[in-house]
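Here's the structure, in structure tokens; my notes come after.
Protein chains in written order, with the working numbering: chain A, 20 to 297; chain B, 16 to 109.
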């Protein structure tokens, strides 16, 4: 008789802790020593773990083999089972951040060393990596003899022609037409514009005289032989062209209508030649 | 069952009658354990009948040792409650 047995089943069971439960199942707690309310449980466990009867012992070998096989299969299943995923180390937030920064820096350094970053970023990356002893090309390292097309606002304020200058030039110049436009364009682009230097009507002569009879011959002549005549006009116009030898009597109107509607070959060039004829 | 459990401490293992009584008590105890929820019954049987410890049982049933301890703790609480109810029934009938 002890303290616990005095209270056995006479009082409400006390909360059972895990260690006591473990010792009860291990058989190290006698029923008399069990906590209140658990003496009968201890006896029940004793009975369950009682010594085997002779009949049970006769089947001991068979039972042991069966249990051993069950334990082995359970252990092998457990060892190969992906129930638990053990990480080699815990990835904390700081470690994740550090890994991300390192990866970003590595990628940026790689791009910077290849000179593949945009100009401003390449400039900054070059300066920053130079501080840690890494030499990467600057933004203009691969430019060769090409001038830098990037400018700054200070360049614009000092060198660029102002809007008022352009307006004054446009209102005071004696030039007219293409020459006036070319002069304004050159002034606005600081001499870079080549407007008026190509395709000047004054520099060339129309390949055909106007007025002409139009038609296939005129289109061929106006295009410098590039027009293949009626078939090309038909093909270009999707069959809508009425130009050709059959409509030669219609003359210039037919060629113009054909070129104005669909055809851009032959007769189109002819009309352009007429338009630029001074 | 409860009376037999209470008598089991005085049974003589050499006496055939006592052996028969013990066998019936064992069967009754196993029946009680088998009436538990399957996972709890499995843990208790492996602990008591097979004589394994919590870690070995955990390896067999595929749980952590802590989970096994929780299961066996719940099983003992449930057994205690059932035995207490049975005792109250016996007391009322007597």
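Note that CB positions come from ideal geometry on N, CA and C, so glycine has one too.
As the structure is a prediction and not an experimental result, all values here were calculated from the model.
With residue i as the anchor, note down where its alpha helix (DSSP H) starts and where it stops.
{"i": "residue 53/B", "result": "53 to 63"}
{"i": "residue 104/B", "result": "80 to 108"}
{"i": "residue 51/A", "result": "Taken as a continuous stretch (DSSP letters only), residue 51/A belongs to no alpha helix (DSSP H), as it is neither H nor E."}
{"i": "residue 63/A", "result": "58 to 67"}
{"i": "residue 39/A", "result": "37 to 45"}
{"i": "residue 72/B", "result": "69 to 76"}
{"i": "residue 196/A", "result": "196 to 207"}
Under 9 Å between C-beta atoms, does residue i make it to chain B?
{"i": "residue 52/A", "result": "no"}
{"i": "residue 68/A", "result": "yes"}
{"i": "residue 45/A", "result": "yes"}
{"i": "residue 88/A", "result": "no"}
{"i": "residue 84/A", "result": "no"}
{"i": "residue 104/A", "result": "Legend: pLDDT at residue 104/A = 38, less than 50; position of this residue unreliable, value from coordinates given subsequently. False, the Cβ-Cβ gap to chain B never drops below 9 Å."}
Between residue i and chain A, is there a C-beta pair that is closer than 9 Å?
{"i": "residue 51/B", "result": "no"}
{"i": "residue 92/B", "result": "yes"}
{"i": "residue 41/B", "result": "yes"}
{"i": "residue 82/B", "result": "no"}
{"i": "residue 108/B", "result": "no"}
{"i": "residue 102/B", "result": "yes"}
{"i": "residue 55/B", "result": "no"}
Report back the beta-carbon spacing between residue i and residue j to the nearest angstrom; my notes put them in contact at under 8 Å.
{"i": "residue 60/A", "j": "residue 98/B", "result": "6 Å"}
{"i": "residue 43/A", "j": "residue 57/A", "result": "7 Å"}
{"i": "residue 67/A", "j": "residue 64/B", "result": "6 Å"}
{"i": "residue 40/A", "j": "residue 91/B", "result": "5 Å"}
Please classify residue i as buried or exposed, where buried requires at least 16 other C-beta atoms within 10 Å of its C-beta.
{"i": "residue 54/A", "result": "buried"}
{"i": "residue 115/B", "result": "Here chain B comprises residues numbered 16 to 109, so residue 115/B is not present and cannot be evaluated."}
{"i": "residue 106/B", "result": "exposed"}
{"i": "residue 104/B", "result": "exposed"}
{"i": "residue 183/A", "result": "exposed"}
{"i": "residue 65/A", "result": "buried"}
{"i": "residue 95/B", "result": "buried"}
{"i": "residue 33/A", "result": "exposed"}
{"i": "residue 88/A", "result": "exposed"}
{"i": "residue 69/A", "result": "buried"}
Apart from the five residues just before and just after residue i, which ones in its own chain have a Cβ nearer than 7 Å to its Cβ?
{"i": "residue 72/B", "result": "58, 61, 62 and 83"}
{"i": "residue 89/B", "result": "55"}
{"i": "residue 301/A", "result": "Here chain A has residues from 20 to 297 only, and residue 301/A is not among them."}
{"i": "residue 108/B", "result": "none"}
{"i": "residue 203/A", "result": "185, 188 and 189"}
{"i": "residue 48/B", "result": "56, 59 and 60"}
{"i": "residue 35/A", "result": "54 and 57"}
Please return the same chain residues whose Cβ sits closer than 8 Å to the Cβ of residue i, not counting the five positions on each side in sequence.
{"i": "residue 199/A", "result": "189 and 192"}
{"i": "residue 69/B", "result": "62, 80, 83, 84 and 87"}
{"i": "residue 51/B", "result": "59, 90, 93 and 94"}
{"i": "residue 124/A", "result": "Confidence at residue 124/A is low in this model, with a pLDDT of 49, below 50, so the placement of that residue should be treated as unreliable; the coordinate-derived value is given next. So no residue of the chain qualifies."}
{"i": "residue 80/A", "result": "none"}
{"i": "residue 48/A", "result": "39, 42 and 61"}
Below 6 Å CB to CB, which residues in the same chain sit around residue i once its five sequence neighbours on both sides are set aside?
{"i": "residue 210/A", "result": "none"}
{"i": "residue 67/B", "result": "61"}
{"i": "residue 194/A", "result": "202"}
{"i": "residue 46/B", "result": "none"}
Please find out if some non-hydrogen atom of the ligand ZN comes closer than 8 Å to the beta-carbon of residue i.
{"i": "residue 191/A", "result": "As for the ligand ZN, it is missing from this structure, which has no ligand bound."}
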